[in-house]
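Presented below is the structure to which this report refers.
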Amino acid sequence: MSAKSSPTRPTPEPTGPVALWRLPLKVLSSLRLTVVLLAFSIAVVFFGTLAQTEDGLYLAQAKYFRSYWAVWSPHAPDWRWLKIPLPGGYLLGFLLLANLLAAHLTRFQFTWKKSGIFLTHIGIILLLIGQLTTDMFARESRMRFAEGEFRNYTEGFQESEIALLTDAPDASMDQVVAFPQPLLRSGAELQNASLPFRLRLVDYHPNSDPELRNDPKSGEQFSGVGREFEFKGIPETHEMGSKNVPSAVVEVVGTDGKSLGRWALSSWAGDADMANVLFVGWMRSFQKRGDGSPFVRARRLVDQITAPQIFEVGGKRYTLVLRPERYYEPFSLILQRVTHEVYPGTDVPKNFQSRVRIDNPATGENREVDIYMNNPLRYGGLTFFQHQMDSSSMNLDNKPVTVFQVVRNPTWLTPYIGTIVVGLGLLVQFSIHLVGFLRKRPAR
Amino acid sequence: MNRSLPLFGFLLVLLGLSSHAADPVPDFGALARVPIVFNGRHQPLDSLGRNSLIQIRHRYSLYDAKEKRTLPATEWIAEVMMRPEAADARKAFRVDHPDLISMLRLPAKNESLGEDGKHYSWNQISPGFKEIEDQAKRILATKKDASQRDAFDQELLKLRNALTLYMRLKNTVHPQDTTDFEAELKAFEAAIPPGVAALRDQQAGRAYPTNAFETLLRYANRYDAAGGMEAPLIIPPEGIGPQVAWRRTGEALLSHIRNEPLPPAVGHWAALSTAFRNSDATGFNAALGRYDAFLASQRQLAPDRAKASREVFFNRLSPFYNTMPVYVAAFLLVCVYWFRFTEGARKLAWWLILGAFVIHTVGLVFRMWLEGRPPVTNLYSSAIFIGWGSVALGLILERFWRNGIGLAVASSLGFVTLIIAHNLALGGDTLQMLQAVLDTNFWLATHVVIVTLGYASTYVAGFLAIIYLVRGLFTSGLDAATAKSLARMVYGIVCFATLFSFVGTVLGGIWADQSWGRFWGWDPKENGALIIVLWNALILHARWGGMVRERGLMNLAVIGNIVTSWSWFGTNMLGIGLHSYGFMSGAFLWLGGFILSQLALAALGCLPPRLWRSFRAA
Numbered sequence: 007m008s009a010k011s012s013p014t015r016p017t018p019e020p021t022g023p024v025a026l027w028r029l030p031l032k033v034l035s036s037l038r039l040t041v042v043l044l045a046f047s048i049a050v051v052f053f054g055t056l057a058q059t060e061d062g063l064y065l066a067q068a069k070y071f072r073s074y075w076a077v078w079s080p081h082a083p084d085w086r087w088l089k090i091p092l093p094g095g096y097l098l099g100f101l102l103l104a105n106l107l108a109a110h111l112t113r114f115q116f117t118w119k120k121s122g123i124f125l126t127h128i129g130i131i132l133l134l135i136g137q138l139t140t141d142m143f144a145r146e147s148r149m150r151f152a153e154g155e156f157r158n159y160t161e162g163f164q165e166s167e168i169a170l171l172t173d174a175p176d177a178s179m180d181q182v183v184a185f186p187q188p189l190l191r192s193g194a195e196l197q198n199a200s201l202p203f204r205l206r207l208v209d210y211h212p213n214s215d216p217e218l219r220n221d222p223k224s225g226e227q228f229s230g231v232g233r234e235f236e237f238k239g240i241p242e243t244h245e246m247g248s249k250n251v252p253s254a255v256v257e258v259v260g261t262d263g264k265s266l267g268r269w270a271l272s273s274w275a276g277d278a279d280m281a282n283v284l285f286v287g288w289m290r291s292f293q294k295r296g297d298g299s300p301f302v303r304a305r306r307l308v309d310q311i312t313a314p315q316i317f318e319v320g321g322k323r324y325t326l327v328l329r330p331e332r333y334y335e336p337f338s339l340i341l342q343r344v345t346h347e348v349y350p351g352t353d354v355p356k357n358f359q360s361r362v363r364i365d366n367p368a369t370g371e372n373r374e375v376d377i378y379m380n381n382p383l384r385y386g387g388l389t390f391f392q393h394q395m396d397s398s399s400m401n402l403d404n405k406p407v408t409v410f411q412v413v414r415n416p417t418w419l420t421p422y423i424g425t426i427v428v429g430l431g432l433l434v435q436f437s438i439h440l441v442g443f444l445r446k447r448p449a450r
Numbered sequence: 288m289n290r291s292l293p294l295f296g297f298l299l300v301l302l303g304l305s306s307h308a309a310d311p312v313p314d315f316g317a318l319a320r321v322p323i324v325f326n327g328r329h330q331p332l333d334s335l336g337r338n339s340l341i342q343i344r345h346r347y348s349l350y351d352a353k354e355k356r357t358l359p360a361t362e363w364i365a366e367v368m369m370r371p372e373a374a375d376a377r378k379a380f381r382v383d384h385p386d387l388i389s390m391l392r393l394p395a396k397n398e399s400l401g402e403d404g405k406h407y408s409w410n411q412i413s414p415g416f417k418e419i420e421d422q423a424k425r426i427l428a429t430k431k432d433a434s435q436r437d438a439f440d441q442e443l444l445k446l447r448n449a450l451t452l453y454m455r456l457k458n459t460v461h462p463q464d465t466t467d468f469e470a471e472l473k474a475f476e477a478a479i480p481p482g483v484a485a486l487r488d489q490q491a492g493r494a495y496p497t498n499a500f501e502t503l504l505r506y507a508n509r510y511d512a513a514g515g516m517e518a519p520l521i522i523p524p525e526g527i528g529p530q531v532a533w534r535r536t537g538e539a540l541l542s543h544i545r546n547e548p549l550p551p552a553v554g555h556w557a558a559l560s561t562a563f564r565n566s567d568a569t570g571f572n573a574a575l576g577r578y579d580a581f582l583a584s585q586r587q588l589a590p591d592r593a594k595a596s597r598e599v600f601f602n603r604l605s606p607f608y609n610t611m612p613v614y615v616a617a618f619l620l621v622c623v624y625w626f627r628f629t630e631g632a633r634k635l636a637w638w639l640i641l642g643a644f645v646i647h648t649v650g651l652v653f654r655m656w657l658e659g660r661p662p663v664t665n666l667y668s669s670a671i672f673i674g675w676g677s678v679a680l681g682l683i684l685e686r687f688w689r690n691g692i693g694l695a696v697a698s699s700l701g702f703v704t705l706i707i708a709h710n711l712a713l714g715g716d717t718l719q720m721l722q723a724v725l726d727t728n729f730w731l732a733t734h735v736v737i738v739t740l741g742y743a744s745t746y747v748a749g750f751l752a753i754i755y756l757v758r759g760l761f762t763s764g765l766d767a768a769t770a771k772s773l774a775r776m777v778y779g780i781v782c783f784a785t786l787f788s789f790v791g792t793v794l795g796g797i798w799a800d801q802s803w804g805r806f807w808g809w810d811p812k813e814n815g816a817l818i819i820v821l822w823n824a825l826i827l828h829a830r831w832g833g834m835v836r837e838r839g840l841m842n843l844a845v846i847g848n849i850v851t852s853w854s855w856f857g858t859n860m861l862g863i864g865l866h867s868y869g870f871m872s873g874a875f876l877w878l879g880g881f882i883l884s885q886l887a888l889a890a891l892g893c894l895p896p897r898l899w900r901s902f903r904a905a
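As they're listed, the protein sequences go chains R and S. Position in the first sequence (first residue = 1) + 6 = my numbering. Position in the second sequence (first residue = 1) + 287 = my numbering.
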């Protein structure tokens, strides 16, 4: 076998200065680059998958796929020295896009025989762009509430905020001033025109553990929860299924520069989910130690740590809270009923279903709807998915709780269109091949 | 064409299917069809026996060396449930690890004493229960992640699971130490009125007969313990409604104390058990007939009974297990054809594979009917389906080229995937219920089926490449025409694979968007499928760009085998992500070995043509 090394499509070589500026374009549009980029894509997807065992899904995604460069190292300590540099997902995505566009601008000529390839490439472009816009514009959050409760907001998975609540003119509502995640750093000064004071962030821990103060004196400088509890900073976690719980120490500073009190804030108290975890943990430890009435004691502690932290400035009452970042919506959902079915004689879940009532005062809409696995609710630009599917969890008042994953993705339709276009393109192209092949074969 | 050949092929296939028909005196055939519920699934007693035996003994039946006969699964489970002390002496547990055998002081291989060094009875293992429990606790506490556990740890945990399962089975019909269930039931019913009266007196603070009270309490504790074993559910519901469900015997007996009527099924099972224990085959068959008549009289049980009968038929047929030898025979015939060029061998192989394919298809469709699901619902069925798709593709290729290559691919992939399926079945029930997240026939029918066809076609391309490399490198039989036809086949199949793996993968994305709100989540299984798509696209572009020719195409296609295996099994071994519903670790070595062999083959494929036996002369 001899391998001839002539390119499939010989093009007349331009000469002179034209050739010089054409060279980068030629490289950019070459099939060779396509193959190299595909090979690197395979490598980065592979190593990005391996990295998930250590980094967890979220961090591995950020490191390998939402990046321009990445370096992979093996798990085992003996092999740590091995470092494999890789191009990141963004870089590969942009280069593949450029390669594709350049190829179509320079060497690709449309013929009906190649219509399938054309369609396929258009679809691929749509998919790449769709993934990019999703990365840029999509927001994932969640909604967690118990039967009978209502929510007009969703909460961020990772992001937290420090919020100040005051009574609004309309008594049924709160007025909220929230400082989002990017502002939360040790030493930061938080202020807002509507507030007659500012907040000084003395300390901020992205992850923390709550502890009862052994020495009551150490908490004397605090008002509120900080008198009894201390929130110790611990390293951030990236594992699947575990969550960072931030805490902060905040000094309220009046316009005259005088301190109006020091407060300990924590998501352990501001996030109902976490308060539930604390309750169960405390109850177990009381049970283990054989202390009397563990339920009551744990409940009392939780009530203590979640007690509202309120202060007054200029005749107005403010509540301070550190909690998962909230995104408010102009409508609310009321959880009517949670249904949890298992297969007979087992704990294996069969169905998890929530019935909610949508209440939208702006449009006057008021109706009930079921949300369950593979049957999300799309409403108001959001999509609500039934999230937890393991066991039915209860809140502190023993009411069944449901969790929705809530996604806002304005470009959610692009992958659908891209998929159809690519699928069609491949089908057309390979059908052309197949028909050609069958024609060439002599009749048997 | 010789007309007798196809007929002969079919006869061979049918021979492979004929199963043993030992007829013991108790009617185990009828017992096999009795419907029960286990692991949330309605199934015949036969399936419970088979799926339990395959887990604890790695076989669907039990060979007793002393009695020199094979016990079918139903006979074994009848013994476990109704005469446990006899079952306890049967060597039903497979123990392979030498350290485990020595830790439990189990006898070594000794033919004259009837010890094979692999299978042991409950009675032989029972002195070591405490040791097993202590070790298991240590392993579970110190090595939480399954990947940290070594072979010994895994074997020990497996044995512990097998013993637990066996315990559950022993307490199915009645508490395991019951000697005469019929008599016990009578005594129990007689003990209830005085016992309940005594209980009332005790509650009211009056004097009460301690004897009657304690007798009832003893029964209650007994049935509570048996009911708490998570035994299979054998008491069918009476009447129709959402509240009415299958129950365990223990539960039914306990509710009887609370004044609920005793379900007739309990009485039937008591009669069965007592007759069985007394080796009264006639009485047993009569009781079985009465129970069957009772079940038939319950209209709400009609679907369960019908499904149980169908499933027993399917178990007897064992379509996948029985087609394996046919694929092997066909592969050998293809080899004969290649070395001797006897067209008859090729034709016979064609008809054999076609016959096996028909049975493979029947099995697949029957499974779908049983489950009421599309063909692929778990790892096991994906193996069956990949095999089916590969055989279909191989047959199509053979119809076009008639050079034995399609047949070689069909028979080898058919056999290999069925072997993989057989080993996956060691995990237990292959018809198990689906996780809630997968519970949608639409996406199972589209995404899963198409992506699995993508796997199958990538494997077919890879195996075609193996044929090219092996024949070209090691034999002088790869002539230019065959080489060219192989290259065209591989190219065509890669196109096909690109289409299916792409469409399948993005359909998965759409499913994910529908159920979790993200089109692409970089989950390991998703990434594995994406790598297959990218790899196939790479092959096509490398070929269009003239970067690879015939041999390069073959080397890339062989690597495709690695890529597909990684996606199919490797990602499940990572043990993370939403798709890791089928973790198995023993397969890790096999996967590693396969990957190495493919790498070696591709490396050899890079040798210059003068070192290839087929190309040397040219």
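For glycine and all other residues, C-beta sits at the position ideal for the given N, C-alpha and C.
Excluding the 5 residues flanking it on each side, LEU103 of chain R has same chain C-beta neighbours closer than 7 Å at ILE131 and LEU134, in chain order. DSSP, reduced to helix, strand and coil, places LEU639 of chain S within a helical segment of the structure shown. Within the stretch 204 to 256 of chain R, the runs of beta strand (DSSP E) at least 3 residues long that lie entirely inside it are, in chain order, 214 to 218 and 235 to 239.
Considering only beta carbons, the part of the stretch 804 to 833 of chain S lying closer than 8 Å to chain R consists of GLY804, ARG805, PHE806, TRP807, GLY808, TRP809, ASP810, PRO811, ASN814, GLY815, LEU817, ILE818, LEU821, TRP822, ALA824, LEU825, HIS828, ALA829, TRP831, GLY832 and GLY833, in chain order.
Only residues of its own chain outside the window of five on either side were considered, and among them GLU837 have a CB closer than 8 Å to the CB of LYS771 of chain S, listed in chain order. In the structure shown, ARG28 of chain R adopts helical secondary structure according to DSSP, grouped into three states. Here the stretch 432 to 440 of chain R makes no contact with the stretch 154 to 171 of chain R; the two share fewer than three CB pairs at distances below 8 Å. In this structure, the alpha-carbon of CYS893 of chain S lies about 58 Å from that of ALA593 of chain S.
Sequence-distant partners of VAL615 of chain S (beyond 5 residues in either direction) whose C-beta falls short of 6 Å from its own C-beta, in its chain, are PHE702.
Within the same chain, GLU195, LEU196, GLN197 and VAL259 come within 7 Å of ARG204 of chain R by CB-CB distance, once the 5 residues on both sides are set aside. Here SER214 of chain R is near SER253 of chain R, since their CB atoms are less than 8 Å apart. Annotation: Cβ neighbours of SER47 of chain R in chain S (cutoff 8 Å, chain order): LEU821. Within 9 Å of the CB of CYS782 of chain S, the CB atoms of chain R belong to LEU432, GLN435, PHE436, HIS439 and LEU440, in sequence order along the chain.
Counting only Cβ-Cβ distances below 9 Å, THR459 of chain S has no contacts in chain R at all, with the closest Cβ about 12 Å away. With respect to chain R, the C-beta atom of ALA532 of chain S has a partner C-beta closer than 8 Å.
For ARG268 of chain R, no alpha helix (DSSP H) segment is defined; the enclosing uninterrupted segment is the beta strand (DSSP E) at 265 to 272. Within the stretch 369 to 383 of chain R, MET379, ASN380 and PRO382 place their CB atoms closer than 8 Å to a CB of chain S, listed in sequence order. CA-CA distance, VAL33 of chain R to TRP855 of chain S, rounds to 36 Å. Look at MET720 of chain S: its C-beta is under 8 Å from a C-beta on chain R. A check of alpha carbon separations from LEU388 of chain R across R:GLN411, R:VAL407 and R:VAL283 identifies R:GLN411 as the nearest. Taken through DSSP and simplified to helix, strand or coil, ILE168 of chain R comes out as strand.
At a C-beta separation below 9 Å, GLY162 of chain R has no neighbours in chain S, since its nearest C-beta there lies roughly 14 Å away. For PHE443 of chain R, the nearest CB of chain S lies under 8 Å from its own CB, placing it at the interface with that chain. GLY764 of chain S has a beta carbon lying at 8 Å or more from every beta carbon in chain R. If only complete runs of 4 or more residues are kept, the stretch 329 to 375 of chain S shows the alpha helix (DSSP H) at 332 to 344, 360 to 369 and 371 to 374, in order along the chain. The beta-bridge partner set that DSSP reports for LEU326 of chain R consists of R:LEU170 and R:GLN315. Take the alpha-carbon of LEU284 of chain R and the one of ILE797 of chain S: they are about 38 Å apart. At least one CB atom of chain R sits nearer than 8 Å to the CB of GLN801 of chain S.
Residue-level contact check: TYR422 of chain R touches chain S, since one or more beta carbons of chain S fall below 8 Å from its beta carbon. Distances from the alpha-carbon of TRP75 of chain R to those of R:PRO336, R:ASP84, R:GLY54 and R:THR59 put R:GLY54 closest. Between the C-alpha atoms of ILE671 of chain S and ARG660 of chain S there is a straight-line separation of about 14 Å. For VAL428 of chain R, a Cβ of chain S is located within less than 8 Å of the residue's own Cβ. Taking LEU97 of chain R as the centre and dropping the five residues before and after it, the same chain places the C-beta of TYR74 closer than 6 Å to its C-beta, in chain order.
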